[in-house]
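Participant: Once you've had a glance at the structure underneath, I'll fire off some questions.
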Amino acid sequence: MSERIGVYVCHCGSNIAGVVDVEELSRWAGETLDDVVVSRDYKFMCSSLGQELIEDDIKKEGLTRVVVAACSPHLHERTFRRSCASAGMNPYLCQMASIREQVSWTTQDKAAALSKSKAMVAGAVERVKLHEALEPNQVPVNPNTLVVGGGIAGIQAALELADAGYQVHLVEREPSIGGHMAQFDKTFPTLDCAACILTPKMSDVGNHPNINLLSYSEVEEVTGYVGNFVARVRKKARYVKEADCTGCGICIDKCPKKVVDEVFEAGLGYRKAVYRPFPQAVPKFPVIDRESCIYFERGTCKACEKFCPTNAIDFEQQDTILDLEVGNIILATGYDLFDARKIPQYGYGRLANVYTSLEFERLCNASGPTEGKIVLRDGVTQPKSVAIIHCVGSRDKRHNPHCSAICCMSALKFGHLVTEKTGAEVYSFYIDMRPLHKGYEEFYDRLLEEGMHFIRGRVAEVTDADRQPGEEGKLIVQAEDTLLGMQRRIPVDMVILMAGLQPRRDAKDVSLRFGISCSMAGWFTERHPKLDPVATMTDGVFIAGTCQGPKDIPDTVSQGAAAAARVQGMIAVGSVEVEPVVATIHEERCSGCRICNNLCPFNAIEFLTDKAVSYINAALCKGCGTCVAACPAGAISGAHFSNEQIFAEISGLLYDVARGNGAKTPQPVEIPA
Amino acid sequence: MPNPGSNGSFQHRVIEATPGGEVLVTCLQCGTCGGSCPSGPDMDHTPRRLFAMIGAGMEDEVLRSNTPWYCVSCYYCMVRCPKEIPITDIMYTLKNMAVKAKLYDDSDAPDWSKSFIGYVENYGRSFELGLATRYHLTHKPLRKVGLGSFGLSMLGKGRLALRPDRIKGIEQLRAILDKAKELEAVQ
Amino acid sequence: MRYAYYPGCSLGRSAWPYEASTKAVSEALGLELEEVEDWNCCGASEYFSLNKTAAYALVARNLALAARQNGLKQLLAPCSMCYLNLRKTDHYMGKYPKLGKTTNAALAAGGLSYKPGSLEVRHLLDAVVNDVGLEAIAAKVTQPLAGLRVACYYGCLVVRPEFNGKSFDNPEYPTHLDQLMQALGAEVVDFPLKAHCCGGHMTQISADTAFELIRRLLHNADEYQADVIVTLCPMCQLNLDAYQSQVNRHFKTDYHIPVLYFTQMIGLAMGISPDALGIGSEFVSAGEALAKIGETIEAVPGGAPPRRKRDEKALPMPGQKGEA
Numbered sequence: 003m004s005e006r007i008g009v010y011v012c013h014c015g016s017n018i019a020g021v022v023d024v025e026e027l028s029r030w031a032g033e034t035l036d037d038v039v040v041s042r043d044y045k046f047m048c049s050s051l052g053q054e055l056i057e058d059d060i061k062k063e064g065l066t067r068v069v070v071a072a073c074s075p076h077l078h079e080r081t082f083r084r085s086c087a088s089a090g091m092n093p094y095l096c097q098m099a100s101i102r103e104q105v106s107w108t109t110q111d112k113a114a115a116l117s118k119s120k121a122m123v124a125g126a127v128e129r130v131k132l133h134e135a136l137e138p139n140q141v142p143v144n145p146n147t148l149v150v151g152g153g154i155a156g157i158q159a160a161l162e163l164a165d166a167g168y169q170v171h172l173v174e175r176e177p178s179i180g181g182h183m184a185q186f187d188k189t190f191p192t193l194d195c196a197a198c199i200l201t202p203k204m205s206d207v208g209n210h211p212n213i214n215l216l217s218y219s220e221v222e223e224v225t226g227y228v229g230n231f232v233a234r235v236r237k238k239a240r241y242v243k244e245a246d247c248t249g250c251g252i253c254i255d256k257c258p259k260k261v262v263d264e265v266f267e268a269g270l271g272y273r274k275a276v277y278r279p280f281p282q283a284v285p286k287f288p289v290i291d292r293e294s295c296i297y298f299e300r301g302t303c304k305a306c307e308k309f310c311p312t313n314a315i316d317f318e319q320q321d322t323i324l325d326l327e328v329g330n331i332i333l334a335t336g337y338d339l340f341d342a343r344k345i346p347q348y349g350y351g352r353l354a355n356v357y358t359s360l361e362f363e364r365l366c367n368a369s370g371p372t373e374g375k376i377v378l379r380d381g382v383t384q385p386k387s388v389a390i391i392h393c394v395g396s397r398d399k400r401h402n403p404h405c406s407a408i409c410c411m412s413a414l415k416f417g418h419l420v421t422e423k424t425g426a427e428v429y430s431f432y433i434d435m436r437p438l439h440k441g442y443e444e445f446y447d448r449l450l451e452e453g454m455h456f457i458r459g460r461v462a463e464v465t466d467a468d469r470q471p472g473e474e475g476k477l478i479v480q481a482e483d484t485l486l487g488m489q490r491r492i493p494v495d496m497v498i499l500m501a502g503l504q505p506r507r508d509a510k511d512v513s514l515r516f517g518i519s520c521s522m523a524g525w526f527t528e529r530h531p532k533l534d535p536v537a538t539m540t541d542g543v544f545i546a547g548t549c550q551g552p553k554d555i556p557d558t559v560s561q562g563a564a565a566a567a568r569v570q571g572m573i574a575v576g577s578v579e580v581e582p583v584v585a586t587i588h589e590e591r592c593s594g595c596r597i598c599n600n601l602c603p604f605n606a607i608e609f610l611t612d613k614a615v616s617y618i619n620a621a622l623c624k625g626c627g628t629c630v631a632a633c634p635a636g637a638i639s640g641a642h643f644s645n646e647q648i649f650a651e652i653s654g655l656l657y658d659v660a661r662g663n664g665a666k667t668p669q670p671v672e673i674p675a
Numbered sequence: 121m122p123n124p125g126s127n128g129s130f131q132h133r134v135i136e137a138t139p140g141g142e143v144l145v146t147c148l149q150c151g152t153c154g155g156s157c158p159s160g161p162d163m164d165h166t167p168r169r170l171f172a173m174i175g176a177g178m179e180d181e182v183l184r185s186n187t188p189w190y191c192v193s194c195y196y197c198m199v200r201c202p203k204e205i206p207i208t209d210i211m212y213t214l215k216n217m218a219v220k221a222k223l224y225d226d227s228d229a230p231d232w233s234k235s236f237i238g239y240v241e242n243y244g245r246s247f248e249l250g251l252a253t254r255y256h257l258t259h260k261p262l263r264k265v266g267l268g269s270f271g272l273s274m275l276g277k278g279r280l281a282l283r284p285d286r287i288k289g290i291e292q293l294r295a296i297l298d299k300a301k302e303l304e305a306v307q
Numbered sequence: 004m005r006y007a008y009y010p011g012c013s014l015g016r017s018a019w020p021y022e023a024s025t026k027a028v029s030e031a032l033g034l035e036l037e038e039v040e041d042w043n044c045c046g047a048s049e050y051f052s053l054n055k056t057a058a059y060a061l062v063a064r065n066l067a068l069a070a071r072q073n074g075l076k077q078l079l080a081p082c083s084m085c086y087l088n089l090r091k092t093d094h095y096m097g098k099y100p101k102l103g104k105t106t107n108a109a110l111a112a113g114g115l116s117y118k119p120g121s122l123e124v125r126h127l128l129d130a131v132v133n134d135v136g137l138e139a140i141a142a143k144v145t146q147p148l149a150g151l152r153v154a155c156y157y158g159c160l161v162v163r164p165e166f167n168g169k170s171f172d173n174p175e176y177p178t179h180l181d182q183l184m185q186a187l188g189a190e191v192v193d194f195p196l197k198a199h200c201c202g203g204h205m206t207q208i209s210a211d212t213a214f215e216l217i218r219r220l221l222h223n224a225d226e227y228q229a230d231v232i233v234t235l236c237p238m239c240q241l242n243l244d245a246y247q248s249q250v251n252r253h254f255k256t257d258y259h260i261p262v263l264y265f266t267q268m269i270g271l272a273m274g275i276s277p278d279a280l281g282i283g284s285e286f287v288s289a290g291e292a293l294a295k296i297g298e299t300i301e302a303v304p305g306g307a308p309p310r311r312k313r314d315e316k317a318l319p320m321p322g323q324k325g326e327a
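Residue numbers (the working numbering), protein chains in the order written: chain A, 3 to 675; chain B, 121 to 307; chain C, 4 to 327.
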């Protein structure tokens with residue numbers, strides 16, 4: 003029995019109709035092509051009215067197949083499949099011909115456009131006759147979630163999921179959650195104390211019955227697919243028994259070994275070999291840093307063990323490996339700061355009183371190395387003048403071309419703190435001021451009122467080489483004041499470099515581990531920059547916070563919440579539809595050569611040792627076709643992309659070549675087997 | 121690269137004449153060049169402002185400016201510019217254009233260059249004694265009183281030649297340079 | 004190691020001590036320098052100011068001559084300006100095909116041609132430090148320069164601009180010359196203006212501007228109590244040395260810092276006589292400074308900070324690792 007095919011040609015306003023003669027195309031398809039019983043053209047097929055055309059025809063004309071010649075399937079394949087489904091026809095019996103992206107948007111030549119469009123429609127018609135009515139698979143969704151990264155993004159996501167009643171595993175690399183926000187003193191523009199607004203959330207996380215907090219841990223491997231991931235987590239040995247530790251901190255007091263704290267104190271302060279990153283750490287349990295500990299180095303000391311009142315120190319403790327079964331993953335791994343030593347002319351690392359933004363946060367912070375006193379590197383002297391340099395390592399082709407989004411606001415914040423705590427003169431050297439969000443412009447206004455000096459000019463150099471009286475013993479910031487059009491040298495006591503935000507050093511490795519993409523620089527790639535910023539192209543893996551790109555705390559929290567909402571949606575539905583456009587291995591034809599195993603970009607193929615054949619996990623398979631093409635025995639078939647379907651499409655495309663003696667209908671072209 | 125202004129515009133001509141000059145249109149006007157320039161304080165316009173003027177088509181003012189002539193070719197601007205604009209090379213282009221259009225106000229620097237090159241084209245090597253004498257006697261000679269004793273000291277230390285050296289292949293060199301000038305004229 | 008050698012106009016005359024000392028030490032260091040046959044002036048910055056095509060052609064003639072000389076692949080230039088011009092011409096001819104074609108068309112009029120990339124253009128300092136190596140040089144030192152405080156002055160063009168994002172040393176804070184002087188036993192002082200501009204030919208254009216540039220360098224070297232400034236470019240040496248007294252008069256300062264070439268320092272450390280190295284022809288005499296060789300001196304200003312005491316309040320510097 004022959005099919006009853008409906009062909010619909012979309013004008014797409016003038017996008018297609020401006021180049022392709024859509025009425026002629028529609029007329030030609032109806033008259034020339036076999037089995038086409040209905041052929042229409044319409045201004046906007048994707049509109050409700052356009053969709054209704056298809057639905058009505060399916061019901062009234064008894065259509066068995068549908069071809070829509072319009073835009074790219076990327077945009078509206080789902081729309082037209084849905085139309086078919088709502089009229090009772092299997093959605094996979096619909097085929098699109100992309101006569102916009104592949105025809106009208108590539109040429110101005112109308113004759114060529116019509117000719118190619120005819121070929122594409124003919125190809126689609128031939129192909130769709132061989133389509134099968136596929137049914138999508140359903141896989142269940144494990145209601146547990148893995149959140150990777152315990153900064154404010156991860157904390158927010160974890161709390162939202164946990165409050166909704168779902169189990170969350172929160173994995174954090176450092177001994178405590180809190181991330182970069184825990185290092186800050188105040189936050190802009192409200193000048194809220196960062197710890198004051200963060201620690202309540204941290205405390206909630208620590209106490210929440212639905213959150214399994216795995217601190218000082220890292221995810222080593224992830225397998226599985228949406229709804230059904232298995233994450234292997236290494237819980238590093240703290241050498242402290244959490245069950246016995248009361249958090250009294252005597253071990254920290256008694257430890258004789260002091261080292262520079264590179265992480266939390268940003269290299270500006272010290273910590274002991276056994277330490278808690280900061281007083282409000284969650285969890286409260288200290289950690290022994292194996293590399294600095296005297297016992298691990300030389301076998302002596304053990305002061306912590308001697309003085310611990312509850313015998314909680316355990317030097318024999320081992321790392322533990324946990325396998326967590328989760329349905330969804332949220333990555334909230336944060337950012338690293340640009341290394342300002344890459345810009346030697348700013349003097350960081352050579353000139354003592356040049357600080358980075360993160361170092362300055364520690365200086366201001368009441369639990370920092372100077373108990374919140376803003377002083378020079380001698381630890382004692384208060385500065386009388388401070389320069390703040392914007393755009394260090396940002397907006398720079400040599401380092402990072404992007405703008406780091408938060409430095410202008412942070413600079414204003416620092417200006418305020420300096421003025422408030424020391425009364426020093428503050429000079430901000432900027433290229434543009436970027437106070438973008440709610441309350442930000444007003445904050446800029448406030449700083450102008452507080453007397454902060456703003457000089458528009460990207461700093462050329464910071465030097466201690468004095469040139470004239472008044473400069474001796476100072477750091478001289480040299481820049482062109484572009485608003486005045488002259489070079490200026492401002493002698494100051496202290497310089498703060500607003501170093502840019504960069505992806506984490508290991509971002510590329512992490513993206514590989516979780517099967518998502520990242521940009522050349524290392525920012526995790528969102529599914530769509532405008533319309534889908536927290537999802538990735540990998541179903542079941544979401545991103546939130548600065549790992550996706552530089553942003554401030556409000557945006558970070560929003561993204562954490564958005565990712566949690568998406569996961570909650572998945573859990574609420576309970577199962578996920580997996581596209582049936584997958585490959586299948588015919589066991590009887592498989593010789594077990596395993597060539598396909600390593601070719602699969604989605605790790606969807608495994609080898610069944612007992613049967614000595616390969617097997618494709620339909621839930622992981624994305625239907626790319628690589629294994630289908632590679633199998634030397636032809637044992638793999640790709641649903642919706644069978645050889646027959648593809649050959650039919652080719653013969654349709656070549657309709658005018660195959661026409662021969664003026665035959666009206668396309669003759670199938672002989673393709674060698 | 122998008123079209124940097126219409127063909128024939130001043131900015132377009134500056135870009136065409138400078139290898140790698142297309143990126144000039146991406147200038148942020150950040151001022152790093154003006155801030156880095158060792159002789160910046162003595163220029164009538166900072167390099168950055170000069171680029172804004174070029175973008176605004178102010179050909180006359182730009183070519184009259186002393187900025188390119190005060191450029192010491194230290195290349196600080198070029199290694200620091202966040203857009204990697206070949207600033208020093210643009211300065212050379214502006215010098216070329218100013219000389220061709222005879223639009224420089226203070227002729228000291230161009231004359232120095234012309235004298236220098238005169239010797240190179242005649243002998244293939246530079247000749248400081250001739251250069252210094254010819255140049256300084258014709259440019260504010262009364263201010264150069266101390267120069268005579270300076271010259272004598274240099275001579276005494278054997279650091280100044282009395283006669284120029286001439287290379288063997290001077291004809292070959294002249295042929296090359298003449299051809300080059302011919303090719304430059306048609307650009 | 005064989006190199007094509009492009010001395011440049013200054014080495015023959017105004018910087019003859021540089022040539023003399025280079026020749027004197029190159030043998031001992033194993034550098035075979037073959038002068039490019041019939042080389043011509045590189046045009047300094049002057050020709051580029053007047054005529055771009057002719058300027059590149061002027062330099063390219065030297066590249067063409069060197070490239071066809073006895074199969075040599077490396078071209079050494081001791082003068083930073085010549086080094087830059089040669090390197091830039093070679094690089095631009097390759098990177099900008101139109102320029103390459105035009106330059107070769109000009110060269111053809113003289114029966115020459117040059118394929119960009121045929122030669123590797125390097126500064127003499129680069130070959131000394133990287134090819135000979137600091138260890139080999141230190142092994143040849145018989146009279147270490149201990150007792151002498153040295154400010155290493157690079158000037159601009161040996162480290163800037165970068166081509167393909169690289170230059171032979173850091174364009175803001177180079178260290179090769181410092182390391183070399185340390186290998187010779189000298190006390191190297193921190194000298195923040197080590198790569199700042201000496202003004203080049205500005206002395207002929209505007210004395211005020213030029214003298215100020217020179218004054219800054221002398222002032223900074225003086226602040227760090229340098230006994231001698233070591234340089235690697237004839238223009239820098241001339242500016243700092245020959246104009247020092249004029250700078251003193253102009254600003255009423257009293258600097259007496261001799262300026263020597265790094266090859267002269269190598270020669271001294273290897274026991275070669277100062278005469279053979281051209282020492283004695285400088286405007287600011289080096290005699291007093293060189294007499295200090297062999298004396299002991301106290302801590303160098305700008306050197307390593309003293310070891311931190313136990314309960315001291317000072318905050319750690321970036322990159323300062325390990326034990327407090």
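Here a beta-carbon is modelled for each residue, glycine too, at the ideal position from N, C-alpha and C.
Measure the Cβ-Cβ separation of THR187 (chain B) and CYS197 (chain B) and say whether it is below 8 Å.
Facilitator: CYS197 (chain B) sits away from THR187 (chain B), with the two beta carbons spaced by 8 Å or more.
Participant: Relative to the alpha-carbon of GLN384 (chain A), which residue among A:VAL497, A:TYR446, A:GLU463 has its alpha-carbon at the smallest distance?
Facilitator: Out of A:VAL497, A:TYR446, A:GLU463, A:VAL497 has the C-alpha closest to the C-alpha of GLN384 (chain A).
Participant: How would you list, in chain order, the residues of chain B whose beta-carbon sits under 8 Å from the beta-carbon of CYS236 (chain C)?
Facilitator: The premise fails here: CYS236 (chain C) is roughly 12 Å from chain B at the closest Cβ pair, so nothing lies under 8 Å.
Participant: Distance cutoff 8 Å, beta carbons only. Does PRO284 (chain B) sit that close to anything in chain C?
Facilitator: no
Participant: Shortest alpha-carbon distance to ALA112 (chain C) belongs to which of B:LEU303, B:LEU249, B:GLY238, B:LEU148?
Facilitator: B:LEU303
Participant: Once you ignore the five residues that flank ASN123 (chain B) on each side, which residues in its own chain have a CB closer than 6 Å to its CB?
Facilitator: Bear in mind that a pLDDT of 46 at ASN123 (chain B), under 50, signals an unreliable position, so the model cannot answer this.
Participant: Can you check which of these residues, A:VAL584, A:THR611, A:PRO603, A:PRO582, is closest to CYS595 (chain A) by C-alpha distance?
Facilitator: If we check each option's Cα against that of CYS595 (chain A), A:THR611 comes out closest.
Participant: Over the uninterrupted beta strand (DSSP E) stretch that includes ALA236 (chain A), give me the two end residues.
Facilitator: Looking at the sequence shown, residue 236 (chain A) is not Ala but Arg. ARG236 (chain A) -> beta strand (DSSP E) spans 230-237.
Participant: Check whether the segment 232-248 of chain C touches the segment 65-85 of chain C, counting contact only when three or more Cβ pairs, one atom from each stretch, lie closer than 8 Å.
Facilitator: yes
Participant: By DSSP's criteria, GLY8 (chain A) is part of a beta bridge. Which residues make up the other side?
Facilitator: A:VAL40, A:VAL68
Participant: Measure the Cβ-Cβ separation of TYR117 (chain C) and LEU66 (chain C) and say whether it is below 8 Å.
Facilitator: yes
Participant: Use the C-beta contact count for GLU267 (chain A): other C-beta atoms within 10 angstroms, 16 or more gives buried, fewer gives exposed.
Facilitator: That one is buried.
Participant: Counting only runs that start and end within the segment 564-630 of chain A, where is the alpha helix (DSSP H) found for 4 or more residues in a row?
Facilitator: DSSP runs (the alpha helix (DSSP H)) wholly in the segment 564-630 of chain A: 597-601.
Participant: At what residues does the alpha helix (DSSP H) containing LYS45 (chain A) begin and finish?
Facilitator: Unbroken run through LYS45 (chain A): none, as it is neither H nor E.
Participant: Starting from THR465 (chain A), find everything on chain B with Cβ-Cβ shorter than 9 Å and list it in chain order.
Facilitator: By Cβ distance, chain B contributes nothing, its closest Cβ being about 11 Å from THR465 (chain A), past 9 Å.
Participant: Quick one: which chain A residues come within Cβ less than 9 Å of ARG184 (chain B)?
Facilitator: Going along chain A, no residue has its Cβ under 9 Å from ARG184 (chain B), so there is no contact; the nearest lies around 17 Å.
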